[in-house]
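What follows is a set of notes on a single structure, which appears directly below.
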Amino acid sequence: MASRSLSPSLTPCLWITVSVVCVCLQLLCGHVACGDAQNAREVILLDSKAQQTDLEWISYPPNGWEEISGLDENYTPIRTYQVCQVMEPNQNNWLRTNWIEKGDAQRIFVELKFTLRDCNSLPGVVGTCKETFNLYYQETDSEVGRSLRENQYVKIDTIAADESFTQGDLGERKMKLNTEERIIGPLSRRGFYLAFQDVGACIALVSVKVYYKKCWSIIENLATFPDTVTGSEFSSLVEVEGVCVSDAEEEADNSPKMHCSAQGEWLVPIGKCICKAGFHQKGDSCEPCGRGFYKSSSQDLQCSRCPAHSFNDLEGSWRCDCEDGYYRAFSDPPSVACTRPPSAPQNLVYNINQTSVSLEWNPPADTGGRNDVTYRVICRRCTWEPEECVPCGPNVGFSPAQSGLVDTFVTMMDLLAHANYTFEVEAVNGVSDLSRTQRLFAAVSIATGQAAPSQVSQVIKEKVQQRSIQLSWQEPQQPNGVITEYEIKYYEKDQKDRVYSTVRSKSTSATVNNLKPSTAYVFQIRAFTEAGYGTYCPRLEITTKEEATGRMNPVIIIAVVAVAGTIILVFMVFGFIIGRRYALAVKFPGTKTYIDPETYEDPNRAVHQFAKELDASCIKIERVIGAGEFGEVCSGRLKLPGKREVSVAIKTLKVGYTEKQRRDFLCEASIMGQFDHPNVVHLEGVVTRGKPVMIVIEYMENGSLDSFLRKHDGQFTVIQLVGMLRGIAAGMRYLSDMGYVHRDLAARNILVNSNLVCKVSDFGLSRVIDDDPEAVYTTTGGKIPVRWTAPEAIQFRKFTSASDVWSYGIVMWEVMSYGERPYWDMSNQDVIKAIEEGYRLPAPMDCPPGLHQLMLDCWQKDRAERPKFDQIVGILDKMIRNPNTLKTPVGTCTRPISPLLDQSTPDFTTFRSVGEWLEAIKMERYRDNFTAAGYGSLESVARIHSVCFDKLFLLTKHCIWDHLLSGFSSIKAIM
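Those letters in the sequence shown? Residues -30 to -1, 1 to 945, per mature numbering (1 follows the signal peptide of the UniProt record, and there is no 0), in order.
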């Protein structure tokens, strides 16, 4: 644009032109580097000072804004615009920039540098002089030509000077440069124009700079963040996802992010990247681990040196390879040193017990650098020729196991007698199966000794008579020694209790006498050697012949009976005399008598005679259901060959037992093994040749009777309860007939199966037990469960079937009261005293009189007057068949009951008031308690339940009333 000629009227403009040039020169010489960005975060779109040629902005009207030139200190020309039409009114001068393309910017900064003349310093100026100008913008997608329409522009602001200059300033060269910055946004189109409106000021635009801000690319936390344009608002933060540098990866669930502020600064870093396995961080990059180093995980910070016996020859390794002869298990982390298989076990020794072999050894001298050493045993049966060996097969048992052994011992069972075996014991660890080297093991060759014989075979019935059967059989295929005798076990097939008898024979034939005519019998035979009894052969069923129908001569019958009677009488007298002298027991054929295991010199022989030895592999323990005296009680499954799988309960002997504890533990099995009755818990067998030692019994789903009744309080009919009592009585009748005294008959020792069948269990008090929680009254020889024990057993330790009958009466009371504690919370000493004074437990609630009378019969002080179990079963059978008998007491004893038992309902006819009655029973001090509880009349007292009265008398008698009454606000709570 051509400069206009100067005239006197334009003197102010000339002065401004000179001023502008000087100002720009001064700026160039020291204050600011003209044309450069003031901040590294700025992206400049327009800078008028950086352009050395004409700006060629649009001026309207043409005589308004004027472009002028100047020089800096380097004589570089700069372009400025000025206007100073202060002498003329109604000024409206516009100046528009060229079209500015905004790029990615949404928020634009406009920086203006200008000078402005003070109106007061201008001589002859009228009132139209201004000291401000206006700033506008227009958004467009492209250039719109050189036309300028005021109504298309949007006003940004009115710009005023902070400082203005006067005529004197020019002479003193004091330049007063104003800088103002304004913001445009948000912008949505491709570009825009800026426009300046002058309305009568004397002003010079020294420079116009247009820019936007961005956050420049950066590497932070091993993530690269690209150039990012700031947001459209002053307070906005732009979230930017980072990209991990080479050989880095995002941290799990923590991807890298940063936020770009409106001022072009990176803020709020979140997450990070980490170097991958095999690489470590150095500055802002990831470098590979050197040779001989590794980094197994990106979570590790630094590379580590290869562990012992490993190496690598490559950079960037995540693990190190093992040296020859060394290995790393699949479960070993890369940080673990490479290891090798262990050496052979040391000092292998063995012990032979007939057909069982026990091995013991010491750990290997070299564990290979690992602590997971276990042992496995290889068993081979060999001929007498060398190197002719075959694997032992599945019939050989290993205890505790054949492989995975942690302890340094093992026992092999069920080996063949008189056979050669070779056993190899190998130590293995986590890398043994990876090794290609030769196995190292300790070996021993052993010849077994004698074993129990196998089953007899080919049992034949030679001769069947009315009362006898003759049998013959073949010797076992594997006698394993000299057979000294055979045992024939037999019992009636249809007999419920399955009471069996035995006959012994030295040869392979025998005749069984004293049988019943027309009766089916079951026979089983087993052989005996010095090594013990073998297993019974399969059952053989034979029926005796019918009895002859012909009649004998009566005279002969009488004579025979008389002779037989005389002989029996002589034998009875002789036996009685000999029995008193030598205490010998007489066992009649066809009956079975309980044999005390304590009479055996070797208790182990008693166990193996009465209990079946089970293979531990046939037993599967599933869960622990309780704790016994000697160890845990578990439930599980038993699967014997050729039989269906059954549920069982398993008693285990705890680790670290003594020989006495083992003997006592197996003693119960020796007892149970002699019993075979549907109301006595059945013994399945024992495990004595392995660890742990186990007793396996049938599984009773509903557990102990007392807890079962408490859980189902009031849910059964009286007949159902009587049926349970009948089962218990039948089991005790069977035990009593065998001559066994239980000593600890209580509801807690009765087990209940899923069909509500009750079975007698817990035969522990055949020996003295000192840790029964109920056995708190000590007598000579041990502790006794006082609440269940007969008086003579407490005082004199006289245990008989009669004392078991007393205990059965307490069990009856427990059943009918649904598991209530006998004698409630009385102390044991008070129970003993009350029993001696004639007190007996009252009938439980809703208990029929007939059942309570049977309880009272069982509690007769004279044991001879108590009913026998056979009588009790008969009475209960009658009650079940005819429930009406439950209402009528059917006693078995003739003695009257103690008068104390008749006080269940006091006679009030002789008293005139409650106080008089309390005085008569020596309880007058409780008069206020009865009145406060609402018992002010004898009629109200009479309505108290008879059982409560019975307890009241008992508690009064034994001075416990004060103790129970304390803590209760009402007598009702006690009743």
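No residue lacks a Cβ here, since even glycine has one placed at the ideal position from N, Cα and C.
In the three-state DSSP reduction, W64 falls in the strand class (E or B). Going by DSSP, D634 is part of the alpha helix (DSSP H) stretching over E629 to M642.
Three or more Cβ pairs drawn from the segment 174 to 194 and the segment 215 to 226 lie within less than 8 Å of each other, which places the two stretches in contact.
DSSP places D714 outside any alpha helix (DSSP H), giving it a letter other than H or E. Between the C-alpha atoms of W776 and S640 there is a straight-line separation of about 26 Å. For E257, the uninterrupted beta strand (DSSP E) segment begins and ends at S255 to P258. Judged by DSSP in its simplified three-state form, E511 adopts strand. If you draw a straight line from the Cα of E500 to the Cα of V482, it is about 25 Å long. In the three-state reduction of the DSSP assignment, E784 falls in the helix class.
Taken through DSSP and simplified to helix, strand or coil, E762 comes out as helix.
Per DSSP, the unbroken alpha helix (DSSP H) holding E806 starts and ends at N798 to E806. G170 and A130 have their alpha carbons spaced roughly 13 Å apart. When secondary structure is reduced to three states using DSSP, P47 falls in the strand class. Taking C-beta atoms under 8 Å as the contact rule, T325 and A397 fail to qualify, at a distance of about 27 Å. Positions of the alpha helix (DSSP H) runs, each at least 4 residues long and wholly inside the segment 670 to 699, are given as 675 to 681 in order along the chain. DSSP places H822 in the uninterrupted alpha helix (DSSP H) bounded by P819 to C828.
Beta bridge pairing from DSSP links H250 with E257.
DSSP places R757 within a helical segment (H, G or I) once states are collapsed to three. Looking at the DSSP output, P361 bridges to R350. Looking at the DSSP output, R593 bridges to S605.
CA-to-CA, the gap between G253 and G400 works out to about 41 Å.
7 Å or more divides the Cβ of S267 from the Cβ of A299. Listed in chain order, the non-local C-beta contacts of N450 below 6 Å within the same chain comprise A387, Q420, A421 and P423, local neighbours out to five positions each way being set aside. Ranked by how close their Cα comes to the Cα of A417, the residues S134, I322 and Q408 have I322 in first place.
Inter-residue distance for C214 and I595 is about 58 Å (C-alpha atoms, whole angstroms). Comparing alpha-carbon positions, the option among K179, K227 and E293 lying closest to T198 turns out to be K227. The segment 618 to 629 makes no contact with the segment 674 to 681; the number of CB pairs closer than 8 Å stays below 3. Scanning the segment 152 to 237 for uninterrupted beta strand (DSSP E) segments of 3 residues or longer gives 161 to 168, 172 to 185, 188 to 190, 193 to 195, 208 to 211, 218 to 220 and 227 to 230, listed from N- to C-terminal end. Cα atoms of C243 and N341: separation of roughly 37 Å, rounded to the nearest angstrom. DSSP places I565 in the coil class of the three-state scheme, outside both helix and strand.
DSSP places K621 in the uninterrupted beta strand (DSSP E) bounded by V616 to T622. Counting only the Cα atoms, S471 lies some 16 Å from L441.
In the same chain as T98, and ignoring 5 residues on each side of it, the C-beta atoms closer than 6 Å to its own belong to P59 and G170, in chain order. By the criterion of a C-beta distance shorter than 7 Å, K857 is surrounded in its chain by P818, P819 and G820, once the five residues flanking it on both sides are discounted.
In the assembly as shown, K183 is a buried residue. Its beta-carbon has 16 or more other beta-carbons within 10 Å. If you draw a 10 Å sphere on the C-beta of Y45, you find fewer than 16 other C-beta atoms in it, and that means exposed.
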